[in-house]
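2 protein chains.
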Amino acid sequence: MSTDTMARVFGALADPTRIDMVTRLAGGDATVNQLAEPYRMSLQAVYKHLRVLEDAGLVSRPAGPQPRVVRLETEVFDRMDEWIERYRRQAEERYSRLDSVLASLETDNEETEDGKEQS
Amino acid sequence: MSTDTMARVFGALADPTRIDMVTRLAGGDATVNQLAEPYRMSLQAVYKHLRVLEDAGLVSRPAGPQPRVVRLETEVFDRMDEWIERYRRQAEERYSRLDSVLASLETDNEETEDGKEQS
DNA sequence: TGCACTTTCAACCCCTTGGTTGACAACACT
DNA sequence: AGTGTTGTCAACCAAGGGGTTGAAAGTGCA
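Line by line, the protein sequences give chains A and B. Using full-length UniProt numbering, the final residue of the first sequence is 119, and nothing's skipped along the way. Using full-length UniProt numbering, the final residue of the second sequence is 119, and nothing's skipped along the way.
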């Protein structure tokens with residue numbers, strides 16, 4: 001997944017209203033009116049938010065009878081999960097590498113009484 | 001984790017430059033100059049990006065000798081992971097619930113030849 | 001102390017964004 | 001066919017964000 005795509009996804013989630021929408025959509029599909037109900041903003045504003053989420057691929061609005069439904073798309077969450085997992089793995093590796101470095105310094109100290117001068 | 005906090009975290013990642021910084025920091029700590037090197041922007045701009053990442057808790061700059069180091073903080077990634085995991089779980093539950101609904105409709109059809117009139 | 005480098009602060013510019021209102025197209029339903 | 005709801009488009013406004021430059025603190029070291 002490209003950097004720009006990731007940025008767009010994160011950007012879509014960079015707003016409390018949209019996070020709330022996503023949270024509620026996780027419980028099931030909703031019409032735009034149902035979605036908009038709790039917010040004190042115009043319907044057009046809600047459509048704008050929806051547009052952002054849709055462009056990021058977080059949400060879809062499948063064709064159908066008139067009060068069209070808004071549906072959470074889960075694939076993007078999988079992509080985000082993979083992305084985050086990469087950092088956790090790298091971080092773990094770094095820590096274990098750090099541990100082994102510290103361990104070898106420990107050994108060097110025992111051998112030479114000075115670990116700092118080692119190249 | 002509050003909605004606003006999540007929004008701030010996602011907002012910090014809603015920029016290709018900052019995503020790139022995070023990606024590179026996953027490989028290890030770096031000084032600001034090292035971080036800034038690949039980008040064609042002023043050092044001040046890089047500090048601004050760093051500030052955003054720091055405010056979101058994604059990065060820290062532990063006190064130390066002058067060319068201070070920038071370090072990726074992993075806890076926030078854990079929080080993000082938990083957050084995303086919630087949606088995946090809810091989505092799974094909904095799907096399995098949907099499956100059971102479909103299955104029961106199937107059964108009703110076999111029994112009554114019409115599942116739509118069931119209350 | 002003085003010099004170089006790192007870090008921060010402030011002002012400014014331009015473009016994006018979250019929100020508004022108003023108008024209008026597209027559906028569904030009697 | 002006509003009417004109310006749903007969905008979209010456009011113009012506008014205020015605020016925020018990414019970038020710049022310039023200047024000023026802090027910090028490390030010969």
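All residues carry an ideal CB built from backbone N, CA and C; glycine is no exception.
Start and end residues, beta strand (DSSP E) containing residue i
i	result
A:Leu72	Val69 to Leu72
Neighbour flag for residue i against chain B, beta carbons, 8 Å
i	result
A:Gln90	yes
A:Asp20	yes
A:Pro38	no
A:Met1	no
A:Asp55	no
Residue i versus residue j - alpha carbon distance
i	j	result
A:Arg86	A:Leu35	34 Å
A:Asp78	A:Arg8	15 Å
B:Thr3	B:Leu13	15 Å
B:Glu54	B:Glu73	9 Å
A:Val46	A:Glu37	10 Å
B:Arg61	B:Val69	6 Å
B:Ser42	B:Arg97	54 Å
A:Ala26	A:Glu75	13 Å
B:Lys59	A:Arg88	Correcting the residue type first, residue 59 of chain B is Val in the shown sequence and not Lys. Going from the Cα of B:Val59 to the Cα of A:Arg88 covers about 14 Å.
Short CB-CB distance (under 8 Å) between residue i and chain A
i	result
B:Leu35	no
B:Leu72	yes
B:Thr41	Note that residue 41 of chain B is Met in the sequence shown, not Thr. It does not: the Cβ of B:Met41 has no partner Cβ on chain A nearer than 8 Å.
B:Gly27	yes
B:Pro16	yes
Contact belief for residue i with residue j at Cβ below 8 Å, rounded distance in angstroms
i	j	result
residue 208 of chain A	A:Thr17	No statement about residue 208 of chain A is possible, as the shown extent of chain A runs from 1 to 119 and does not include it.
A:Met21	A:His49	6 Å
Extent of the continuous alpha helix (DSSP H) run through residue i
i	result
B:Met1	Premise fails: B:Met1 is in no alpha helix (DSSP H) and is neither H nor E.
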